[in-house]
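So the working numbering is basically just the index in the sequence shown, starting at one, shifted up by 4.
Where a beta carbon is used, it is the ideal one built from N, C-alpha and C, also for glycine.
This structure is a prediction, so every number in the text was calculated from the model and none was measured.
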Amino acid sequence: MKKLFTLSSLILGIGLIQMSYSQSVNFKVYGGYSWPGFFKTSGIKGFQPGSNPEPTAASIVDMMNIVDTGATNKSYQAIRGSYGKGGNIGISVGYMFNKWIGVEMNMVYLFGSSIQSTQVSNASALLGPGAITRTKTSANGLSLLPAINLVAAVDNWKVLPYARLGISVPVYGSIKHVIDIEAPKPNAAFFATAKSIKSHVEVKTDATISLGFIGAIGATYQVHKNIRIFAEVNAQVLDVRAKKTTVEAYSITQTDVNGVESDYLTLDNFPNTYSREVVFVDELTDKSNNANYNTTYNSSGYNYDKDKPKDELRPTAPFHNIGLSVGLNFMISTAKKSKTTAN
5 MKKLFTLSSL ILGIGLIQMS YSQSVNFKVY GGYSWPGFFK TSGIKGFQPG
55 SNPEPTAASI VDMMNIVDTG ATNKSYQAIR GSYGKGGNIG ISVGYMFNKW
105 IGVEMNMVYL FGSSIQSTQV SNASALLGPG AITRTKTSAN GLSLLPAINL
155 VAAVDNWKVL PYARLGISVP VYGSIKHVID IEAPKPNAAF FATAKSIKSH
205 VEVKTDATIS LGFIGAIGAT YQVHKNIRIF AEVNAQVLDV RAKKTTVEAY
255 SITQTDVNGV ESDYLTLDNF PNTYSREVVF VDELTDKSNN ANYNTTYNSS
305 GYNYDKDKPK DELRPTAPFH NIGLSVGLNF MISTAKKSKT TAN
């Protein structure tokens, strides 16, 4: 955290020693769209049901498109991309110390696009043969982007090229996973009266402090004395570190041989914190609140505390992107005008 504030302060404070040469305050509003671009090499994480229906049995795995229903019917495709893909809107306040150099603070909100996968498999002992798992995941959130502006300013030019360099700091938002499962022949050991089952799960993951880098090149065009329009190509390199995951919805519906549907499990069947929440750590030990690692049993015979979140190793999520943005730049001059004295 200390390093983060130091970087931000350095960028925003670079020109304070030049305040006597300041020229303008800038206010920008803009929108754009971003794609994974050249960075579409990162795997996307998802959730996979475990050996029993409880949420704690699920594991974090790489998302994949899978067909695995027979010895000659197999296909595996990794899902690669970026949560940084999607539309965005932003505002910024900046200060130009002279006509070439300035700083600005951007606030950008991302409306992330959906990333999807489908798995048709016989491999799950819990779900049985022919189970179909569909996963959708996306991210929304607000980031702060302090940056330095470099402008190729030439007197009397209406079109001015510029470049921007800075850092990206996510401050609010989350990643959401929605998982829908259809199992036509579930394991009778768990679903004794069910001919088939359906499941719906919603999981939200919040982020901890993460730091990335941004850059842009573009040009502005003067349409009024104090107004310019601008267009730019921008890029972001950012991996977001997970802080906490919460199960927000969980249901299993079973259909019996007569076609009658009934609830098999809902989130209300899992009232304890251990089943609903996960906190991410950088190391798991024999003291962690995780039944797979903890070697100490309490008086109730459990090797975990059901009233605390489950500990899991911390994953990261890719937010790298390349995008296009357009907007308006409103300028307020702060340059001091010299006074002339009439004789």
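| message | Could you pull the DSSP bridge partners for His324 from this structure? | response | For this step, residue 324 is matched to residue 320 along the sequence shown. Paired residues: none, contrary to the question.
| said: Taking the alpha-carbon of Val207 as reference, which of Ala192, Ile183 and Tyr306 has the nearest alpha-carbon? | reply: In the sequence shown, the residue the question calls residue 207 occupies position 203. The shortest Cα separation from Val207 among Ala192, Ile183 and Tyr306 belongs to Ile183.
| Would you report the Cα separation of Ser329 and Thr212, rounded to the nearest angstrom? | Position 325 of the sequence shown, counting from 1, holds the residue named residue 329. Position 208 of the sequence shown, counting from 1, holds the residue named residue 212. Answer to the nearest angstrom: the Cα atoms are 27 angstroms apart.
| field | For Tyr80: DSSP bridge partner residues | value | For this step, residue 80 is matched to residue 76 along the sequence shown. Ile70, per the DSSP bridge assignment.
| Would you call the segment 213-222 and the segment 256-263 touching, i.e. three or more CB-CB distances under 8 angstroms? | no
| task | Go through the segment 190-246 residue by residue and report every complete run of the beta strand (DSSP E) that reaches 3 residues or more, in order. | result | 200-211, 216-228 and 231-241
| field | Nearest-angstrom Cα separation, counted from Val283 out to Ala246 | value | Here residue 246 refers to the residue found at position 242 when the sequence shown is read from its first residue. Here residue 283 refers to the residue found at position 279 when the sequence shown is read from its first residue. Computed Cα separation, rounded: 8 angstroms.
| query | So what does DSSP say about Asp159, is it helix, strand or coil? | reply | For the purposes of this step, residue 159 is taken as residue 155 along the sequence shown, with counting starting at 1. Correct three-state label for Asp159: coil.
| To the nearest whole angstrom, what separates the beta carbons of Asn30 and Phe334, a pair I think is in contact under 8 angstroms? | Stepping through the sequence shown from its first residue, residue 30 is reached at position 26. Stepping through the sequence shown from its first residue, residue 334 is reached at position 330. Indeed, because the Cβ distance is near 7 angstroms, the residues count as touching under 8 angstroms.
| field | Bounding residues of the alpha helix (DSSP H) (the contiguous stretch that carries Thr277) | value | Within the sequence shown, the letter at position 273 stands for residue 277. Residues Thr277 to Arg280.
| query | How big is the Cα-Cα spacing for Tyr278 and Ser55? | reply | By one-based count along the sequence shown, residue 278 stands at place 274. By one-based count along the sequence shown, residue 55 stands at place 51. So the alpha carbons of these two residues sit roughly 17 angstroms apart.
| query | Cβ of Ile179 within 8 angstroms of Cβ of Ala82? | reply | Stepping through the sequence shown from its first residue, residue 179 is reached at position 175. Stepping through the sequence shown from its first residue, residue 82 is reached at position 78. Result no, Cβ atoms of Ile179 and Ala82 do not sit closer than 8 angstroms.
| said: Using C-beta distances below 6 angstroms, list every residue in its chain close to Val251, excluding the 5 sequence neighbours before and after it, in chain order. | reply: On the sequence shown, position 247 is the one that residue 251 refers to. Excluding residues within five positions, the ones whose Cβ falls inside 6 angstroms are Pro59, Val207 and Arg280.
| DSSP three-state call for Tyr25: helix, strand or coil? | Counting from 1 along the sequence shown, the entry for residue 25 is found at position 21. In this prediction, Tyr25 scores a pLDDT of 37, lower than 50, which makes its location untrustworthy; the coordinate-derived value is nonetheless stated afterwards. It is helical.
| message | If I measure Cβ to Cβ from Tyr25 and keep anything under 7 angstroms in the same chain, skipping five residues before and after, which residues do I get? | response | The count along the sequence shown starts at 1 and reaches residue 25 at position 21. Note that Tyr25 has pLDDT 37, beneath the 50 cutoff, so the model's placement of it is unreliable and the number below is only indicative. Contacts found: Phe101 and Asn102.
| task | Starting from Thr122, trace the beta strand (DSSP E) both ways and give me its first and last residue. | result | As a first step, residue 122 must be located in the sequence shown, where it is residue number 118. Taken as a continuous stretch (DSSP letters only), the beta strand (DSSP E) holding Thr122 covers Ile119 to Ser125.
| request: Determine the direct distance from the alpha carbon of Gly47 to that of Ser337, and round the result to whole angstroms. | output: Position 333 of the sequence shown, counted from the start, is the residue given in the question as residue 337. Position 43 of the sequence shown, counted from the start, is the residue given in the question as residue 47. Cα-Cα distance, rounded: 47 angstroms.
| query | Where does Val283 fall in DSSP's three states? | reply | Against the sequence shown, residue 283 aligns to sequence position 279. DSSP places Val283 in strand when its eight states are reduced to three.
| For Leu271 and Tyr34, the rounded distance between their alpha carbons | Against the sequence shown, residue 34 aligns to sequence position 30. Against the sequence shown, residue 271 aligns to sequence position 267. C-alpha separation (whole angstroms): 41 angstroms.
| Given Met67, which residues of its chain have a CB within under 8 angstroms of its CB, disregarding the five upstream and five downstream residues? | Here residue 67 corresponds to residue number 63 of the sequence shown, with the count starting at 1. Answer for Met67: Gly47, Ile48, Lys49, Gly50, Ala82, Ile83, Ile119, Ser121, Thr139 and Thr141, listed in chain order.
| field | For Trp60, three-class secondary structure by DSSP | value | Here residue 60 refers to the residue found at position 56 of the sequence shown. For clarity, residue 60 is Thr in the given sequence; the question names Trp instead. Three-state result, Thr60: helix.
| When you compare each of Gly85, Ser28 and Asn69 to Ser38 by their alpha carbons, which one comes out closest? | For this step, residue 38 is matched to residue 34 along the sequence shown. Residue Gly85 is the option with its Cα nearest to Ser38.
| Given 8 angstroms, three or more beta-carbon pairs between the segment 223-235 and the segment 288-302 | no
| query | So what's Asp184 in DSSP terms, helix, strand or just coil? | reply | Within the sequence shown, numbered from 1, the residue matching residue 184 stands at position 180. Looking at Asp184 - three-state DSSP - the assignment turns out to be strand.
| Pick from Asn294, Asp315 and Glu316 that is closest to Tyr306, judged by C-alpha positions | Residue mapping note: residue 306 aligns to position 302 of the sequence shown, counting from 1. Closest option to Tyr306, Cα to Cα, is Asn294.
| query | In angstroms, rounded to a whole number, what distance separates the CA positions of His204 and Phe195? | reply | Counting from one through the sequence shown, the residue named residue 204 turns up at place 200. Counting from one through the sequence shown, the residue named residue 195 turns up at place 191. Each residue's alpha carbon lies about 16 angstroms from the other.
| task | Whole angstroms is fine: what's the gap from Val155's alpha carbon to Leu148's? | result | For the purposes of this step, residue 155 is taken as residue 151 along the sequence shown, with counting starting at 1. For the purposes of this step, residue 148 is taken as residue 144 along the sequence shown, with counting starting at 1. Rounded to the nearest angstrom, the two C-alpha atoms are 21 angstroms apart.
| query | Pro188 and Gly134 look like a contact to me (Cβ under 8 angstroms); what is the Cβ gap, rounded to whole Å? | reply | Position 184 of the sequence shown, counted from the first residue, corresponds to residue 188. Position 130 of the sequence shown, counted from the first residue, corresponds to residue 134. Their Cβ separation, rounded to whole angstroms, is 5 angstroms, which keeps Pro188 and Gly134 in contact under 8 angstroms.
| request: Check Leu130 in the structure and name its three-state DSSP category. | output: For the purposes of this step, residue 130 is taken as the residue at position 126 of the sequence shown. Leu130 falls in the coil class under three-state DSSP.
| message | What does the Cβ neighbour count give for Thr137, buried or exposed, with the cut at 16 atoms within 10 Å? | response | Translated into the one-based positions of the sequence shown, residue 137 becomes position 133. Per the 10 Å Cβ criterion, buried.
| task | Report buried or exposed for Leu131, applying the criterion of at least 16 other Cβ atoms within 10 angstroms of its Cβ. | result | Along the sequence shown, one-based indexing puts residue 131 at 127. With 16 or more other Cβ atoms within 10 Å, it is buried.
| said: I'd like to check one pair, Ile64 with Pro313: are the Cβ atoms closer than 8 angstroms? | reply: Here residue 313 corresponds to residue number 309 of the sequence shown, with the count starting at 1. Here residue 64 corresponds to residue number 60 of the sequence shown, with the count starting at 1. No, Cβ-Cβ distance for Pro313 and Ile64 is not below 8 angstroms.
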